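*Asks:* Sequential numbering of the sequence shown, starting at 2, is according to my numbering.
A virtual CB, placed ideally from N, CA and C, is assigned to each residue, including glycine.
Remember, predicted model here, so these are calculated numbers, not experimental data.
I have a structure I would like to understand better, so I am pasting it below and will then ask my questions one at a time.
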Amino acid sequence: MSDPNTRQARGLVSVHPRGFGFFTEEDTDPPRSSFVTPPELNAFLADDVVEALVTAGEDGRTTASNLRLIDRPRSELFGTVVIHRGVAHLKVDREVANTDWALVHEGPAPAAGAHVLARIEGTKVVLVEVLDTPDAQTLAQVIARHGIATVVPPAAQAEAERARKIPHTVNGRRDLREVPTVTIDAASTRDIDDAISVLPADEDGAVRLLVSIADVSAFVPEGGALDQDARARATSVYLAGRVIPMLPDGLSSEWISLLPGVDRMCLTAELRIDPEGTVVAVDVYESLIRSWSRLTYDEVADFLDHGDVSPGIEPVFEAAPWWRTVSARLHMARTRRGGVEVARDETFVVLDAVTGLATGIEAHQPTSAHVLIERCMVAANEAVARWLVERGVPGVYRVHDVPGPDAVRELSAVAERFGYASGFGTTLSPLSLAAFDHQIATSPSEPAIRGVLLRSLGPARYTVFPSTHFGLGAPLYLHFTSPIRRYADLAVHRLVKAYLHGTRTWSMRDPALESLARHINLRARLAARAETDRHRMLVAGYMTRHIGEHFSARVVKVRPFGVVAQIDTTLVEGTLPFEALPDGPYTVEPSGGAARSPTKRYAVGDAVRVTVVKTDPSLGRIELSLAPKG
């Protein structure tokens with residue numbers, strides 16, 4: 002192509018609710034996106050694979066044009082029925098398409114305004130179901146918006162049924178059934194893939210932590226129909242009120258789940274941890290375990306914090322005190338190297354068991370039991386990463402880059418506004434970050450500052466190139482501990498077992514593994530967006546009944562269109578649009594942490610009193626205004 006500012010590329014389409022879109026090129030890390038105008042976008046859907054002409058403007062920004070469809074992975078659409086000239090059309094979810102599509106149906110057309118699910122059949126959009134309840138509508142919208150497959154292909158289901166006949170046997174594995182082993186999860190968890198054992202200290206004071214993980218690869222042959230379906234999904238999706246598992250339910254929650262009192266084949270990472278918290282030896286091997294007890298976070302926290310012994314803890318009572326020891330040692334080691342343990346409140350939507358609608362919003366803080374398991378899993382993931390690298394075995398690593406200078410400046414500016422001296426300079430280290438985190442702990446400003454901190458750190462990603470995980474302060478890191486719900490972990494298990502059995506030759510630069518890592522990144526981002534969308538929709542629906550009510554809140558973000566405030570009691574976030582704020586117009590300060598008008602200024606961390614003005618559950622949006630004084 003003669004024009005140096007123009008090139009041909011292949012990638013994915015995304016759609017913005019305002020009608021325009023973006024073209025994101027394949028196999029670029031970080032992703033490269035180009036603007037797509039509304040007319041160019043009309044014939045396309047979000048996630049369409051297309052070829053496009055990418056043109057760079059004088060300002061360096063790129064636009065994509067002449068889009069040509071290569072593949073359409075999406076199979077279902079959610080939308081509202083509209084009638085154009087007597088013909089039913091589907092007004093598709095505006096994050097999926099920017100135009101209406103003719104709706105093919107048998108019998109009478111559904112009424113205008115009906116929420117429906119439709120199937121894509123070639124160039125046709127065919128009515129599948131009219132959705133009557135609000136909960137069914139929001140679930141269908143999220144699932145269709147993000148192209149999440151809910152049906153397991155018949156060939157994959159048949160393989161899953163055959164896998165349920167594979168027995169859990171020793172067969173050359175280390176027999177750990179007499180070792181006190183427990184699982185610790187939420188009471189509602191069904192796909193239990195991790196268990197821990199902590200053995201008493203040796204003469205030198207070192208304890209042994211055994212993290213045993215369900216050996217999914219023993220039941221899911223690589224390259225089979227079941228594996229192909231799991232790989233395409235790459236992760237389980239946890240939507241409030243519904244889980245869409247990576248593996249079929251009969252496997253993930255039954256036959257390979259680490260249920261109590263039954264034999265289960267596992268991969269075990271055994272860590273020897275000295276009194277200073279240093280992991281001085283690591284062994285990874287195939288094992289057969291039997292969980293002695295299935296424990297919940299609440300009952301373990303009651304034991305760790307108060308010494309309460311539940312019936313579930315009684316079988317492992319002698320081993321249980323060592324849980325405190327290993328948690329404390331791992332914490333001290335992590336403190337020395339830096340990094341952050343983010344014990345932040347999370348909001349959970351309480352759903353009505355019959356209607357599926359939100360009946361309340363609760364803020365929960367992780368307990369000592371959550372912290373114990375998080376520390377054990379992080380230690381195991383880090384140990385297996387080091388174990389692979391020392392043996393020259395490739396892996397799918399979890400990497401988190403050092404924040405750039407702009408992020409460091411923003412965090413420093415926010416800290417100074419609240420009276421803190423970060424002392425970061427131009428670069429950030431895990432230790433300086435940990436020291437700052439210690440400064441703000443228990444401060445009234447902590448939620449606002451921590452929000453900026455987490456955004457400054459940015460996301461982690463999967464890659465085949467072993468490198469540091471800045472947020473954890475870890476020289477090497479990967480995911481090993483959740484192969485039932487994450488394909489990255491399953492891929493790592495297969496690499497570990499290939500080394501143990503000597504069944505594969507190694508190439509540290511494996512193009513297939515690189516492609517897999519990029520695919521998992523894409524699917525993980527999609528799942529996270531789906532989970533966020535579902536949560537926001539439910540929250541917006543719940544807040545509809547609180548329109549006109551006043552709440553104490555705090556500014557947590559400043560956006561180009563307004564100020565985002567978080568309600569103190571429920572951690573619900575809503576937007577105060579600039580046009581609705583008095584004494585405007587407002588402009589965002591260069592730091593991005595505040596907005597000002599000639600007479601007013603709103604900055605991250607400011608306390609405000611807000612009123613809920615309106616909500617849009619379909620988009621998960623809540624609009625606020627300043628509450629009247631007095």
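Whole angstroms is fine: what's the gap from G108's alpha carbon to V88's?
*Replies:* Numbered from 1 along the sequence shown, position 107 holds the residue referred to as residue 108. Numbered from 1 along the sequence shown, position 87 holds the residue referred to as residue 88. Cα to Cα, G108 sits roughly 13 Å from V88.
*Asks:* Take R174 and list the residues in its own chain whose beta-carbon comes closer than 7 Å to its own, dropping the five residues that flank it on each side.
*Replies:* If you number the sequence shown from 1, residue 174 lands on position 173. Around R174: M266, E287, S288 and L289.
*Asks:* On the DSSP bridge assignment, give the partners of H169 in chain order.
*Replies:* In the sequence shown, the residue the question calls residue 169 occupies position 168. Looking at the DSSP assignment, H169 forms no beta bridge with any residue, so it has no partner.
*Asks:* Taking buried to mean at least 16 other C-beta atoms within 10 Å of its own C-beta, is L268 buried or exposed?
*Replies:* By one-based count along the sequence shown, residue 268 stands at place 267. L268 is classed as buried because its beta carbon has at least 16 other beta carbons within 10 Å across all chains shown.
*Asks:* With contact counted as at least three CB pairs below 8 Å, one residue from each stretch, are the region 500-514 and the region 386-403 in contact?
*Replies:* In short, these stretches touch, since the Cβ pair count reaches three.
*Asks:* Going by beta-carbon coordinates alone, are M544 and V613 separated by less than 8 Å?
*Replies:* Within the sequence shown, residue 544 is the residue found at index 543, counting from 1. Within the sequence shown, residue 613 is the residue found at index 612, counting from 1. Going by C-beta atoms, M544 is nearer than 8 Å to V613.
*Asks:* State the Cα-Cα distance for the pair V93 and I121, rounded to the nearest angstrom.
*Replies:* If you number the sequence shown from 1, residue 93 lands on position 92. If you number the sequence shown from 1, residue 121 lands on position 120. V93 and I121: Cα-Cα distance of roughly 12 Å.
*Asks:* What does a CB cutoff of less than 8 Å around V351 pick up in its chain, not counting 5 residues either side in sequence?
*Replies:* As a working mapping, residue 351 is identified with position 350 in the sequence shown. Only A359, T360, G361, I362 and E363 meet the Cβ criterion.
*Asks:* Using CA coordinates, which residue listed in V301, G339, R338 and R519 is at the minimum distance from A321?
*Replies:* As a working note, residue 321 is residue 320 in the sequence shown. For A321, the nearest C-alpha among the options comes from V301.
*Asks:* Can you grab the Cα-Cα spacing for the pair R487 / A188, in whole Å?
*Replies:* To locate residue 487, count along the sequence shown from 1; it is residue 486. To locate residue 188, count along the sequence shown from 1; it is residue 187. Roughly 21 Å between the two C-alpha positions.
*Asks:* Taking L104 as the reference, which of E96, G80 and R95 has the closest Cα?
*Replies:* Taking the sequence shown and counting its residues from 1, the one referred to as residue 104 is at position 103. Out of E96, G80 and R95, G80 has the C-alpha closest to the C-alpha of L104.
*Asks:* Go ahead and label F437 buried or exposed: buried means 16 or more other beta carbons lie within 10 angstroms of its beta carbon, across all protein chains shown.
*Replies:* Stepping through the sequence shown from its first residue, residue 437 is reached at position 436. Buried, because 16 or more other Cβ atoms sit within 10 Å of the Cβ of F437.
*Asks:* Taking contact to mean 3 or more Cβ pairs, one atom from each stretch, closer than 8 Å, check whether the region 141-154 and the region 203-219 are in contact.
*Replies:* no
*Asks:* Indicate the three-state DSSP secondary structure (helix, strand or coil) for H470 in the structure shown.
*Replies:* Position 469 of the sequence shown, counted from the first residue, corresponds to residue 470. Reduced to three states, the DSSP call for H470 is strand.
*Asks:* For my contact list, A453 and E391 are in at a C-beta cut-off of 8 Å; report their separation, rounded to the angstrom.
*Replies:* Here residue 453 is taken as the residue at index 452 of the sequence shown, counted from 1. Here residue 391 is taken as the residue at index 390 of the sequence shown, counted from 1. Note that residue 453 corresponds to Val in the displayed sequence, not to Ala. Actually they do not touch by this definition, with Cβ atoms about 38 Å apart.
*Asks:* Tell me the residue span of the beta strand (DSSP E) that contains T139.
*Replies:* Within the sequence shown, residue 139 is the residue found at index 138, counting from 1. That residue, T139, is in no beta strand (DSSP E); its alpha helix (DSSP H) goes P135 to R146.
*Asks:* Please say whether Y463 and A529 have beta carbons closer to each other than 8 Å?
*Replies:* Looking up residue 529 in the sequence shown gives position 528. Looking up residue 463 in the sequence shown gives position 462. At least 8 Å separates the beta-carbon of A529 from that of Y463.
*Asks:* For the region 467-536, list the alpha helix (DSSP H) runs that are entirely contained and at least 4 residues long, ordered along the chain.
*Replies:* 488-502
*Asks:* Within 8 Å, do at least three Cβ pairs link the region 548-558 to the region 367-386?
*Replies:* no
*Asks:* Indicate the three-state DSSP secondary structure (helix, strand or coil) for I257 in the structure shown.
*Replies:* On the sequence shown, residue 257 is found 256 positions in, with the first residue counted as 1. Note: I257 maps to coil in three-state DSSP.
*Asks:* I want to know whether the region 467-485 touches the region 213-225 - three or more CB-CB distances under 8 Å.
*Replies:* yes
*Asks:* In angstroms, rounded to a whole number, what distance separates the CA positions of F562 and A604?
*Replies:* Numbered from its first residue, the sequence shown carries residue 562 at position 561. Numbered from its first residue, the sequence shown carries residue 604 at position 603. If you take the alpha carbons of F562 and A604, they lie about 14 Å apart.
*Asks:* Run the CB neighbour count on F318, radius 10 Å, all protein chains shown included, and call it buried at 16 or more, exposed below.
*Replies:* Here residue 318 refers to the residue found at position 317 when the sequence shown is read from its first residue. Exposed.
*Asks:* Relative to the alpha-carbon of P261, which residue among I314, T236, S218 and S592 has its alpha-carbon at the smallest distance?
*Replies:* Start at 1 with the first residue of the sequence shown, and residue 261 comes out as number 260. Closest by alpha carbon: I314.
*Asks:* Please report the Cβ distance between A541 and T616, rounded to the nearest whole angstrom; I am assuming they are in contact, meaning their Cβ atoms lie under 8 Å.
*Replies:* Here residue 541 refers to the residue found at position 540 of the sequence shown. Here residue 616 refers to the residue found at position 615 of the sequence shown. The Cβ separation is near 4 Å, so the contact holds.
*Asks:* Could you pull out every unbroken beta strand (DSSP E) segment of at least 3 residues lying fully inside the region 151-230, listed in chain order?
*Replies:* 183-186, 195-200 and 208-215
*Asks:* Which of helix, strand or coil does DSSP assign to G114?
*Replies:* In the sequence shown, counting from the first residue as 1, residue 114 sits at position 113. Coil at G114, not helix or strand.
*Asks:* Over the uninterrupted alpha helix (DSSP H) stretch that includes D303, give me the two end residues.
*Replies:* Locating residue 303 in the sequence shown gives position 302, where the first residue counts as 1. That run of the alpha helix (DSSP H) goes Y298 to H307.
*Asks:* On the three-state DSSP scale, how would you describe F632?
*Replies:* An answer regarding residue 632 cannot be provided, because it is not within the stretch 2 to 631 covered by the chain.
*Asks:* Note the first and the last residue of the continuous alpha helix (DSSP H) segment covering R293.
*Replies:* Here residue 293 is taken as the residue at index 292 of the sequence shown, counted from 1. The sequence given here places Trp at residue 293; Arg does not occur at that position. Here W293 belongs to no alpha helix (DSSP H), and DSSP marks it neither H nor E.
*Asks:* Ends of the alpha helix (DSSP H) at G80?
*Replies:* For the purposes of this step, residue 80 is taken as the residue at position 79 of the sequence shown. Taken as a continuous stretch (DSSP letters only), G80 belongs to no alpha helix (DSSP H), being part of the beta strand (DSSP E) at E77 to H85.
*Asks:* Got a sec, what are the start and stop residues for the alpha helix (DSSP H) E417 sits in?
*Replies:* On the sequence shown, residue 417 is found 416 positions in, with the first residue counted as 1. Run containing E417: P406 to R418, per the alpha helix (DSSP H) assignment.
*Asks:* Using DSSP bridges, identify the partner residues of A359.
*Replies:* Here the question's residue 359 lines up with position 358 in the sequence shown. According to DSSP, A359 bridges with L352.
*Asks:* Of all the options V341, L210, W388 and I193, which has the alpha carbon lying nearest to the alpha carbon of R295?
*Replies:* Indexing the sequence shown from 1 puts residue 295 at position 294. R295 has its Cα closest to that of I193, out of V341, L210, W388 and I193.
*Asks:* Compare the C-alpha of G575 against each of P599, G585, A595 and R610 and name the closest.
*Replies:* Translated into the one-based positions of the sequence shown, residue 575 becomes position 574. Ranking the options by Cα distance to G575, first place goes to R610.
*Asks:* Determine the DSSP secondary structure at L429, reduced to helix, strand or coil.
*Replies:* What you label residue 429 is simply residue 428 of the sequence shown in a count that begins at 1. Of the three classes helix, strand and coil, the one that applies to L429 here is coil, per DSSP.
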